[in-house]
Every structure is written in C-alpha cells, then in structure tokens.
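So the protein lines, in turn, are chains A and B. Just so you know, full-length UniProt numbering puts 122 at position 122 of the first sequence, and the rest follows in order with no gaps. Just so you know, full-length UniProt numbering puts 164 at position 164 of the second sequence, and the rest follows in order with no gaps. Structure, as structure tokens:
Protein chains: 2
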Amino acid sequence: MSDLLYPIKWLSKASAGDRVAHELRMRIISGKIESGTVLSENKLAADFSVSRSPVRDALKVLASERIIRLERMGAVVVGLSKKDIQEIYDVRLLIETFVFERIVKMDRQDLVRELSKVLEMMKIAIKYKDADEFSYQDVLFHETIIRSIDHGYVSMMWQNLKPVMESFILLSMRQRLDEDIEDFERILENHALYIEAIETGDRKRMIASLHQNFDDVQEVEDLWKSQQLMTKGVEPHD
Amino acid sequence: MSDLLYPIKWLSKASAGDRVAHELRMRIISGKIESGTVLSENKLAADFSVSRSPVRDALKVLASERIIRLERMGAVVVGLSKKDIQEIYDVRLLIETFVFERIVKMDRQDLVRELSKVLEMMKIAIKYKDADEFSYQDVLFHETIIRSIDHGYVSMMWQNLKPVMESFILLSMRQRLDEDIEDFERILENHALYIEAIETGDRKRMIASLHQNFDDVQEVEDLWKSQQLMTKGVEPHD
DNA sequence: TTTATACTACTTGTATACAAGTATACTTAT
DNA sequence: ATAAGTATACTTGTATACAAGTAGTATAAA
C-alpha cells in the first residue's frame with residue numbers, strides 16, 4: 001500500500017475506517033485506482049493492514065459518494081468523470097446561490113471577518129508553497145459561508161459533497177502549485193471578490209465570482225485528466 | 001420492540017441493518033422514541049434481536065440523516081423539529097426548481113406519461129384507503145421527476161433526503177387518511193397541476209404547485225405534532 | 001463437441017470476541 | 001463532610017468467525 005495520498009496530519013483523530021475511506025477516495029479520484037477496478041474487502045483489509053470492519057465502513061461511505069458502486073460481488077470503482085465534475089459544480093452553485101440569498105438578509109460582519117482570515121491563511125499557504133494547507137483553507141472558505149446561515153439540511157448536502165470536493169481540490173492544487181503557480185493569484189482575487197460580494201450584498205458579483213471559480217476548475221479539470229494519464233498503470237491494483 | 005411502524009412489505013429484500021434503520025427512523029420521526037433519548041447499540045441489538053453489526057450500520061445511516069447524533073457515549077436522538085421540516089422543504093424546492101429548469105429543455109413526453117401513471121396509482125391508493133401505497137407513489141412521483149434529468153449528484157442529494165421524507169410522509173398520510181380524507185383530493189389536484197406545468201413548461205405554475213405542496217405539508221406538520229403528543233410516553237424506551 | 005453437474009474459491013452479511021477508553025458510583029483518606 | 005482516587009459497568013472501534021450465497025471452472029455424461 002506504500003505511500004499515502006491523503007495528508008496524514010488531517011487524520012490525527014480519525015478511526016481506521018476513516019483513514020481507509022480518505023486514502024481510497026484519493027486513489028480513486030487521482031486515477032491511481034482505475035475506473036472499473038473491482039475492490040475486494042479482504043484484499044483492501046490486507047493492503048491497509050486492518051480488518052474487514054473498517055474497510056466495510058469505508059466502502060459504504062464511498063458508495064454514498066458515488067465514486068464506487070456496491071454490487072453483489074465486489075465494489076466496482078466508478079471514479080469521477082468530466083460529467084461528474086460538472087455536476088458537482090452544479091450542486092455547489094445551487095447551494096451557494098441559495099445560501100447567498102439568506103446571507104444578504106443577515107448581519108454579515110462576523111462572516112466577512114472570518115472569511116478575510118481564511119483568505120489571509122490562503123495567502124500564507126501559497127507563500128510557503130503548501131498546496132495541502134491551501135486546499136484546506138479553500139474548502140474551509142466555502143464551508144464557512146455555507147454554515148453561516150445555520151441551515152441543517154443545506155449543511156448536510158455540503159457534508160455529502162465535501163469529501164469528494166476536498167480530494168479533487170487537493171489533487172488539483174498539488175499539481176498546479178508545481179506547474180501553474182501564477183494561477184493561485186487569480187484564485188485569491190476571486191475569493192476576495194466573493195467576500196466583497198457578500199459584504200455589499202451584490203448578488204451579481206457573487207454569481208460572477210462563483211462562475212469564475214468554476215472556470216478555474218474547468219481548467220484544473222484538464223490538468224487533472226493529464227494527471228490521470230500520468231499515474232495510469234503506476235499501481236494497477238492487482 | 002413489538003409492532004413495526006415501517007411497512008414490512010417494503011423490506012422484502014432488505015438486510016437486517018436496513019430493517020433496523022427504517023424502523024428506528026419511523027420511531028424517531030413519529031415521536032415514539034423521544035428527542036434526547038440516548039440509544040445504546042447493545043440495547044438496540046437486543047430489542048431487534050440482531051447483533052451489534054447491523055445496528056451500527058443503521059446508526060451510521062441515521063446520523064448521516066441528522067435525526068440522531070453519534071457521540072462518545074451513545075447515540076442521542078435528535079428527531080425532526082419544525083425547523084427541520086421547513087429546511088427539508090427548502091431543499092426540496094431547491095432541487096426541484098433546478099430539475100425543472102433542465103426538464104423544460106428536454107423532451108418531456110415520456111416523463112409526463114410516467115407521472116400520469118403514478119398519479120393514477122395514487123388515485124387507486126386513495127380509493128382503497130391505502131395510506132402506505134399512497135405515500136409510496138407520492139414519493140415516487142417526485143423521485144421520477146428528479147431522476148428524469150439524469151444528474152448523478154442531484155440524485156445523490158435526493159437519496160440523502162428521501163428516507164426522512166418518506167417516513168415523514170408515511171406517518172402524515174396514515175393519520176390524514178383517518179382524519180382528513182378530503183385533503184387527498186387537493187393533493188391529487190396539486191400533482192395534476194405539477195404534471196401540467198411540466199407538460200407546458202410553465203415555470204410559474206410549477207412553483208405554485210410546489211408551494212401548494214409545501215403548504216399542505218405545513219398543515220400536516222401540525223397534525224404530526226399532535227401525533228407526537230399522542231404517542232408520547234407510549235413506549236418510553238427504557 | 002456440447003451439456004449438465006458439482007466443486008472450488010470467492011463474495012456478502014451477521015455474530016461474537018476483545019482492547020481501549022469514559023462516566024458513574026463507591027470507597028478511603030483527610 | 002469533603003476531596004481524591006479506584007472500581008465497575010458501561011461505551012466504542014476493531015478483529016475474527018461463521019453461514020449463506022454466487023461466479024467460474026473442472027469434471028462427467030451424452
């Protein structure tokens with residue numbers, strides 16, 4: 001099972017099941033485990049040096065995220081297609097637009113302050129070329145916005161989406177930090193725009209910012225495809 | 001553990017874990033198990049005459065639905081508050097509005113036909129005073145709409161929402177069939193309106209229909225509160 | 001050569017066992 | 001009587017065992 005894709009430090013308090021889920025998710029989304037591969041609980045348990053119980057837990061989680069399909073014999077890897085990425089951003093747009101409508105009716109001072117802090121963190125992360133930390137703060141940025149309206153079921157939708165998003169962003173950012181570091185400036189500007197939109201309650205600017213964000217990711221998506229090709233066959237997993 | 005709230009026939013092919021999840025969900029949403037109750041895996045296993053494994057699975061599912069909270073010692077029942085019901089309908093509105101925008105750009109003939117069939121089924125269910133069958137078809141109606149656009153992540157959100165909705169509708173319809181049978185006519189009309197809106201691509205009518213649907217549920221919600229009071233203390237669960 | 005049967009090696013779902021940790025109650029010392 | 005420590009009876013998470021079922025292969029019959 002060798003080297004881990006998911007940051008170990010993010011797993012400090014996690015159970016074995018969580019570790020397996022996070023690592024497996026990364027391997028699937030990165031393409032290290034190819035679509036179509038059939039995963040065996042027993043083999044995974046052996047690979048990760050744990051018993052079947054945490055592996056089962058992990059597979060259930062990944063199935064709920066639709067990156068694997070639980071069938072009668074074995075769990076088949078589905079992975080993320082171009083369509084999936086598009087769909088994820090559909091949902092993000094859907095959620096964040098809804099959230100924005102609520103936000104503009106609230107006192108947004110604390111939220112803006114909190115977001116500014118996260119943005120500063122992102123800047124530092126870039127300065128020190130820490131892709132993982134940058135990704136963490138990027139995800140946190142949007143999570144902070146979403147949670148600010150205190151809506152349990154919207155939060156739930158976010159929670160369901162988050163792990164896949166996080167992994168995807170993590171992989172994208174790692175690659176871009178190596179190859180397209182100037183992109184990060186644009187991402188930062190875009191987040192600053194988002195904060196402004198919230199501050200002023202300017203819906204148009206917010207939508208623009210979200211779309212820009214999506215365009216950025218579209219670009220990432222191409223890079224990610226190439227990454228998939230790169231890693232293809234590195235570890236055929238049986 | 002005595003009598004079951006969830007229709008046994010819906011569980012024909014379900015695992016023990018699913019059975020526990022469905023039944024537990026019904027008991028929590030109906031108020032038969034009160035908010036604040038701490039559930040023990042061992043006790044539940046004994047109650048349902050299964051081992052801890054399926055119970056654990058069930059609790060994980062219910063936690064992801066936010067009707068229980070998994071804590072260090074025991075799973076505490078959260079249940080559905082008035083706010084939760086409102087939130088669920090927020091999300092439904094969000095999803096179905098998104099779906100509608102896609103639908104109007106498609107060929108809707110097959111969908112309309114399919115929905116008409118489901119609506120006929122609903123009529124028959126009322127005719128024979130079968131609240132469970134009616135609920136099933138009602139949920140199926142909306143699921144059919146949502147799945148018609150073939151959007152994996154929107155379907156995923158629906159899947160996450162569905163179990164709680166289904167239980168809630170089931171309980172509401174059972175009570176209303178006894179006490180307010182004339183309501184069902186209005187529900188049928190409303191669904192017919194929805195089909196028309198899809199057929200003609202009339203967004204306004206669709207929104208109106210959705211809101212009407214929600215108002216119906218608001219009414220249900222009051223009934224449901226009284227039901228909670230009614231069943232309160234029937235089985236104090238320890 | 002083709003078809004039917006049985007065997008092997010898997011699979012899943014459930015049950016049970018165990019280690020490690022935590023809250024409650026009960027000492028015991030002050 | 002009160003504070004500190006210590007049992008104890010729980011809890012969770014993981015490991016392991018087992019029953020039932022399935023796919024594919026090999027063997028036997030036609």
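Where a beta carbon is used, it is the ideal one built from N, C-alpha and C, also for glycine. In this text, all values refer to a predicted model and were calculated from it rather than measured experimentally.
Close Cβ partners of residue i (< 8 Å) along its chain, the five nearest in sequence each way excluded
i              : result
residue 3(A)   : none
residue 160(B) : 64, 65
residue 139(B) : 162, 165, 166, 169
residue 267(B) : Examination of residue 267(B) is not possible in this model, given that chain B is present from 1 through 238 alone.
residue 143(A) : 158, 162
residue 74(B)  : 38, 39, 40
Reference residue i; option with closest CA among the options
i              : options                        : result
residue 145(A) : 178(A), 98(A), 176(A)          : 98(A)
residue 123(A) : 44(A), 187(A), 166(A), 204(A)  : 187(A)
residue 131(A) : 116(A), 181(A), 117(A), 93(A)  : 181(A)
residue 178(B) : 129(B), 166(B), 38(B), 196(B)  : 129(B)
residue 77(A)  : 170(A), 40(A), 134(A)          : 40(A)
residue 71(A)  : 5(A), 36(A), 176(A)            : 36(A)
residue 27(B)  : 10(B), 211(B), 67(B)           : 67(B)
residue 202(B) : 108(B), 116(B), 152(B)         : 108(B)
residue 49(B)  : 16(B), 103(B), 197(B)          : 16(B)
residue 195(A) : 119(A), 75(A), 31(A)           : 119(A)
residue 84(B)  : 206(A), 5(A), 151(A), 183(A)   : 151(A)
residue 114(B) : 210(B), 204(B), 141(B)         : 141(B)
residue 105(B) : 153(B), 5(B), 200(B), 8(B)     : 200(B)
residue 185(A) : 103(A), 86(A), 73(A), 127(A)   : 127(A)
residue 54(B)  : 31(B), 38(B), 14(B)            : 14(B)
residue 79(B)  : 24(B), 103(B), 5(B), 206(B)    : 24(B)
residue 29(B)  : 206(B), 211(B), 204(B), 171(B) : 171(B)
residue 153(A) : 87(B), 38(B), 6(B)             : 87(B)
residue 211(B) : 102(B), 101(B), 93(B)          : 93(B)
Cβ neighbours of residue i in the same chain (closer than 7 Å, five flanking residues each side left out)
i              : result
residue 213(B) : 190
residue 147(B) : 155
residue 52(A)  : 41, 42, 45
residue 125(B) : 133, 134, 137
DSSP state of residue i mapped onto helix, strand, coil
i              : result
residue 67(B)  : coil
residue 75(A)  : strand
residue 80(A)  : coil
residue 39(A)  : strand
residue 271(B) : The structure shown does not extend to residue 271(B), since chain B is modelled only from 1 through 238, so no value can be given for it.
residue 7(B)   : coil
residue 33(A)  : coil
residue 20(B)  : helix
residue 26(B)  : helix
residue 106(A) : coil
residue 226(B) : Low confidence applies here, because residue 226(B) scores a pLDDT of 43, under 50, leaving its location unreliable and the question unanswered by this model.
residue 100(B) : helix
residue 60(A)  : helix
residue 45(A)  : helix
residue 15(B)  : coil
residue 50(A)  : coil
Range of the contiguous alpha helix (DSSP H) that encloses residue i
i              : result
residue 191(B) : 183-200
residue 144(B) : 131-147
residue 178(A) : 152-179
residue 114(B) : 109-127
Cβ-based neighbour list, residue i, same chain, cut-off 6 Å, excluding 5 preceding and 5 following
i              : result
residue 111(B) : 148
residue 11(B)  : 19
residue 89(B)  : 214
residue 193(A) : 209
residue 176(A) : 183
residue 173(B) : 131, 134, 135
residue 245(B) : The requested residue 245(B) is not part of the displayed model; chain B covers only 1 to 238.
residue 205(A) : 197
residue 7(B)   : 132
residue 121(A) : 137
### Query
Would you call the region 56-69 of chain B and the region 16-33 of chain B touching, i.e. three or more CB-CB distances under 8 Å?
yes
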